[in-house]
Structures are given as structure tokens and as C-alpha cells.
Amino acid sequence: MQATHRLDAVFAALADPTRRAIIARLATGQASVMELAEPFAMSQPAISKHLKVLERAGLISRGREAQRRPRRLEAKRLEEADKWLERYRNLWEAHYQRLDTLLEQLKTQEKERKSR
Amino acid sequence: MKRALTITKRGDRDLVMTREFDAPRKLVYDAHTKPDLVRQWLLGPPGWTMPVCDMDVRVGGTYRWVWRKETGGSEMGMGGVYREVKAPERLVSTERFDEAWYPGESLNTLVLIEQGGRTTLTQTMRYESPAAREAVIKSGMEKGVEASYDRLAELLAASAASQR
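Structure representation (C-alpha cells):
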């Protein structure tokens, strides 16, 4: 899949609260479909649909155990989606560190004005 | 001291930024509403300057910001209208880039809460639709910003050193 399309799939997959909850659950370790369905008031087929979306986006994969086929998280995909936020954060961190410096100057000026 | 900046997605069309400052909120508010202060810190990526910083901070008033790259001279401009002005705690404005790559504009809400002389800043960007927010996020990943991590790291190191 092309990088752009893959990111589309990742963001579409993450746009749903149930799927985000599944991701959060899998972040603590792999789990079977039944275990994943437990916290939700949802049938196993409904959960399976969500799992398919996550799988297509490459966010999760299936284990080999024949019976349980546990799902597990593919952390690399999530990291890609996070990169933009990371870059945006870096830009604003730079802004706000400059703002810190400015605020220190302003505080000093205020103190001087008051002591006069 | 380096303070943590958090940026998170909230709901299906908001991005939320929070950061703490070691200053009373009146000063933080001033730094967001007085042009001569704004242009001292809101400089964009390293290597850019802010030649235009016009702000008419009152309900219905407009603002206009332009950044220019020192080498090559490419420009990036944006602006909007102030919707709510409540010194020193709340500022709501619209934001639209000249060359918008996402539909519509965003509605930005700045909230400042002071406790014990320190201020917690929360900046919420609400996009027109979930698709618009995803477009913002994706465009950033595909086009990238011109600043590389290396240059940013240099700037951060320099700014950390100047605070010592």
C-alpha cells in the first residue's frame, strides 16, 4: 500500500471510539476476539468487523495459535500516525520556550516598576 | 526547566494543546494579545521572521500574521477574526491560512487558568469537520515542515542555554 493510503486507513481506523478502546486494550498485551468483545455490549461478529478494519490498516495482526488466534498490536503503524503530532509539538515547544524567556523578562520589569 | 507540552486529539474535530507557564496569567495573556510581545516569541520555524503582526484585539476585530523565510524569501500568512475577548482568561478567534490545504477555517479557543502564580494554558483548535482535522494532520506528514529536527534541536538547545 502507498504511504498516503496507508495513513488514510490508519486515521479512518482510529476515528472510531470502539476501535480506539480495542487498541488501548491490546497495548496491554495480545487478546482473543472473545476477550476483546467482553468489555463492549457488542456481539462477536460486530467486534470482528472492527478488528478487520484495524487489520486492514495494519494496526493489529493475528497470532498463530490455531484456536484463539489472538490479536496483537502493530506499534509501528501507530508511531507513523503520531509523527505529525510530534513535529507540531516540537514547533510549539520552541514557541513556548521563547515565551518562557519573554515572561521572565516581563516579570522582572513588573517587579522593578513596583519597587520604584 | 523544560515544561511538558501535550497535544491531543479530542472528539472528532478538535486538537488540544496544554502547557504550564511560571508566570501570572495577565502576563501570558499580554504575550498573546500585544503585537510587540507576540512577535518576540511566535516566530514560526527556525530561520523564519515575522514581518507582519497586526492585531486589533476586540470582538469583531481582525488579526493578520505573516512569516517570511530568511533565505529564499518564501512567505506564509494567516489571519482571522476575534470572536470573544475576555482578559486575562479567554480569547476566541478564527484562523485561516492564505494557502489553506484543508477546508474552512478553525476556531481557536485560548483559556488561561492561574494557580499560585503559575498559569495553565489550553489552546483548542476546532476544525470544520473530522475530515478537515485529518487533512491538517496528514498534510503535515506528507509535505513536512521546512525545519528539520536537527535545526529545531539546535534552537531548543540555544534557548535552554539562554535560560540558564
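So the sequence lines, in the order shown, correspond to chains S and W. If you count the first sequence from 1, position 93 lands on 93 in the numbering used here, and the numbers rise without skipping. Whatever position you read off the second sequence (first residue = 1), add 116 for the numbering used here. Ideal placement from N, C-alpha and C gives every residue a C-beta, glycine not left out. Note that the structure is a prediction, hence the values are computed from the model and not measured.
Along the chain, where does the beta strand (DSSP E) that runs through W/E136 open and close?
It spans D130 to F137 - the beta strand (DSSP E) in which W/E136 sits, taken as one unbroken run.
At a CB-CB cut-off below 9 Å, which residues of chain S make contact with W/A248?
Listed along the chain, the chain S residues whose CB falls inside 9 Å of the CB of W/A248 amount to none; the nearest CB is some 12 Å away.
What residues are listed by DSSP as bridge partners for W/R206?
W/K202 and W/V227
If you pair each beta-carbon of the region 150 to 169 of chain W with each one of the region 244 to 255 of chain W, do three or more pairs fall below 8 Å?
no
Starting from the C-beta of S/S61, find all residues in its chain whose C-beta is less than 8 Å away, skip the five residues before and the five after it, and write them out in chain order.
E55, R71, R72 and E74
Going by beta carbon distance, what residues of the same chain come within less than 8 Å of S/N90, once the five residues before and after it are set aside?
none
Would S/K107 pass as a contact of W/P140 if the rule is Cβ separation under 9 Å?
In this structure, W/P140 lies closer than 9 Å to S/K107 by Cβ.
Listing by chain order, which chain S residues have their CB less than 8 Å from the CB of W/I123?
L85, Y88, R89 and W92
Going along chain S in order, which residues have a C-beta closer than 7 Å to the C-beta of W/L228?
W/L228 does not reach chain S, its nearest Cβ partner there being about 12 Å away, counting only Cβ pairs nearer than 7 Å.
Three-state class that DSSP yields for S/D100 in the structure shown:
helix
Determine, for W/L143, whether the minimum Cβ-Cβ distance to residues of chain S falls below 9 Å.
Residue contact check for W/L143 against chain S: a CB pair falls below 9 Å.
Just to confirm my understanding: we take W/R242, look at its own chain, exclude 5 residues before and 5 after, and list those with CB closer than 8 Å. What are they?
Cβ within range, chain order: R129, D130, S222, L223, N224 and T225.
Does the beta-carbon of W/V144 have 16 or more other beta-carbons within 10 angstroms, so that it is buried, or is it exposed?
buried
Using the beta-carbon count (16 or more within 10 Å), is S/Q109 buried or exposed?
exposed
Cβ of S/E112 within 9 Å of any chain W Cβ
Taking Cβ atoms only, chain W never reaches closer than 9 Å to S/E112, which makes this a no.
Contact the region 170 to 188 of chain W vs the region 227 to 236 of chain W: 3+ CB pairs below 8 Å
no
Express the C-alpha separation of S/G29 and S/R64 in angstroms, rounding to a whole number.
Rounded to whole angstroms, the separation of the alpha carbons of S/G29 and S/R64 is 15 Å.
Could you work out which residues of chain S lie near W/F213, taking near to mean beta carbons separated by less than 7 Å?
Within chain S, no residue comes near W/F213; the closest Cβ sits about 14 Å away, beyond 7 Å.
Taking all protein chains shown into account, do 16 or more other C-beta atoms lie within 10 angstroms of the C-beta of S/Q44, making it buried, or fewer, making it exposed?
Of the residues assessed, S/Q44 falls on the exposed side of the cut-off, its CB having fewer than 16 other CB atoms within 10 angstroms.
Step through the CB atoms of chain W and report whether any lies within less than 9 Å of the CB of S/R19.
So no, S/R19 is outside the interface.
Which residue wins for smallest C-alpha separation from W/Y198, given the options W/A120, W/L159, W/M166 and W/E211?
W/E211
Cutoff 9 Å: S/T101 Cβ touching any chain W Cβ
yes
Segment limits, alpha helix (DSSP H) that includes S/T28:
Where S/T28 is concerned, there is no enclosing alpha helix (DSSP H), given that its DSSP letter is neither H nor E.
Tell me which residue opens and which closes the beta strand (DSSP E) that W/P219 is part of.
Taken as a continuous stretch (DSSP letters only), W/P219 belongs to no beta strand (DSSP E), as it is neither H nor E.
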